[in-house]
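Since the structure comes first, as structure tokens, the remarks are kept for the end.
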Amino acid sequence: HVLCRGDDLTALAAVGITNRLPVEHRQVRNALTALLVAQGVPMLTMGDEYGHTRLGASSAPNSARDVNYLRWDAVDGSPEAAGAMSLQAYTRALIALRRRRPDLLAQPAYYTTQVRWHSSSLAEPDWSDPETRLVAFTLTSAVPGPRGGIYVAFNVQPATAVVSLPPPPAGASMWTRVVDSSLMPPADCTEADVPYSTTATTYTLPPFSVVVLEARGGAVGLDV
């Protein structure tokens, strides 16, 4: 899976970044989430993990070489690097999720007993409705255990949505949040060893946002 094809496109360019407004930052996180929770093999372009930009260069190989360099100073810990470092942390949380979930490394299987699609309710979306702007899915492991599954919801409409959460799969007792692109860093992502727990049956998704929840056997955190 790739976000974009061609030497002249980055994740920022793919989502139409212009002046890096907060909603545009969110859209970059949404795109990275879609890439990294997809089953199969993701291809991440160098620098997308911190928001590299080629400053609108239309053909990177033929552009001034400095726009092609990996900007090590973009994540050097300085105050100016805060935005890039927060995106890097967000990407790192998603990669950590993939590493601990073999089911995300499997060949894509869009309709199996392990995959269930949802709308804002637990019912399957109306795929024939061109106005549908929210989709969610649950991916459960073939082997029940303390990491029994993940729930992912994308809200790409300009309105807040409240989604119903399915019960945690067998072997798990609660959902814990991995990422929520609507939250300000560092709350937008959570490392696996400090999960944010929820026993709620619904989740509120602001406009143009995505949430990834992971089922766990037990954790300490706050309810949402």
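All residue numbers for the sequence shown refer to our numbering, where the first residue is 29 and numbers rise by one. Note that the Cβ used here is the ideal one computed from N, Cα and C, for glycine as well.
Tell me which residues share the same chain as residue i and place their Cβ nearer than 7 Å to its Cβ, disregarding the 5 neighbours each side in the sequence.
i      : result
Ser209 : Arg54, Arg57, Asn58, Thr61, Asp216, Ser237 and Val238
Thr230 : Val190, Val191, Ser192 and Leu193
Leu167 : Asp131, Gln142, Val143, Gly177 and Ile178
Gly173 : Interpretation of Gly173 is limited by its pLDDT of 48, a score under 50 that renders its predicted location unreliable; the figure taken from the coordinates is listed afterwards. Answer for Gly173: Gly199, listed in chain order.
Tell me whether the beta-carbon of residue i lies closer than 9 Å to the beta-carbon of residue j.
i      : j      : result
Ser225 : Ser192 : no
Thr218 : Thr227 : no
Val240 : Val180 : yes
Trp145 : Pro153 : yes
Which whole-angstrom value is the C-beta distance of residue i and residue j, which I expect to be below 8 Å?
i      : j      : result
Pro196 : Met202 : 6 Å
Gly68  : Gln135 : 6 Å
Leu98  : Gly75  : 6 Å
Ile123 : Leu63  : Not a contact, Cβ separation roughly 11 Å.
Between residue i and the rest of its own chain, which residues show a CB-CB distance below 6 Å, the 5 nearest in sequence each way excluded?
i      : result
Met113 : Val103
Leu125 : Val206
Glu77  : Gln116 and Thr119
Pro186 : Pro235
Leu72  : none
Asn183 : Leu162, Ala189, Leu233 and Ser237
Would DSSP call residue i helix, strand or coil?
i      : result
Asp208 : strand
Tyr179 : strand
Gly173 : Because Gly173 sits at a pLDDT of 48, beneath the cut-off of 50, its placement in the model cannot be relied upon, and the following sentence gives the value as read from the coordinates. DSSP places Gly173 in coil when its eight states are reduced to three.
Thr160 : coil
Val103 : helix
Met113 : helix
Thr226 : strand
With a CB to CB cut of under 8 Å and the five nearest residues on each side skipped, what residues in its chain are close to residue i?
i      : result
Pro107 : none
Thr188 : Thr232, Leu233, Pro234 and Pro235
Where DSSP assigns a beta bridge to residue i, which residues make up the other side?
i      : result
Val240 : Val180 and Val207
Tyr231 : Val191
His146 : Ala164
Met202 : Arg244
Spell out whether any CB of chain B is found under 9 Å from the CB atom of residue i.
i     : result
Leu64 : Reference to chain B is not applicable here, since this structure consists of a single protein chain.
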